[in-house]
Amino acid sequence: MKKPVMLKLTGRQSYLDQDPEVIELTTEGILEDWENGWRISYEESELTGLKGVTTTFYIKPGKVTLSRSGALRSEMHFEVGQYHHSLYQMEFGALQITVYASQVDYSLNETGGTLDLVYAIDIENTSSGLIIYHLDVQAK
């Protein structure tokens, strides 16, 4: 099963000593069955500053992987209570990032649903803040 969907992404990024930044995006994407879970993908745009990048969520019980490919490459793994290290590769170089998830929840079926992630992020071994991420998925 592969279905076109509408995605509404809401992200709240709280960085050290700064007011939280809220980002909202509505875009078209694809929802599909994938290895006893789900795969959700969409093309980034100029609005997100990531034009030329495809973002894909691989969702399985207890684990979510966020993968980006194209002009930027990264892969972040989210499992509650686990640290995951990876590279965030850009045109001008790469950064070492570490994520620590405190919440990984989803409720999805063939008509849509939700995904919620709450995680701390370190960039180059420096604490960079907390991110709260919510994704609404609706079949078209």
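Quick note: to get my numbering, add 5 to the position in the sequence shown (first position is 1). Glycine residues also receive a C-beta, built at the ideal position from the N, C-alpha and C atoms.
query	result
Closest Cα partner of Y93 within the set G75, S107, V85, V109	G75
3-residue-minimum beta strand (DSSP E) runs that sit fully inside the region 83 to 135, ordered along the chain	88 to 95, 98 to 114, 117 to 128
For D121, the nearest candidate out of E26, Y47, T70 (CA to CA)	T70
First through last residue of the beta strand (DSSP E) which encompasses Q18	7 to 19
At least 3 beta-carbon pairs within less than 8 Å: the region 124 to 143 vs the region 8 to 26	yes
Proximity of G42 and K65 at Cβ, strictly below 8 Å	yes
Between the CA atoms of V109 and L14 - distance to the nearest angstrom	15 Å
Closest Cα partner of V123 within the set H139, L21, M6, M81	H139
Classification of M95 by the beta-carbon crowding that lies within 10 angstroms, buried from 16 upward	exposed
Per-residue DSSP class, three states only, for E29	strand
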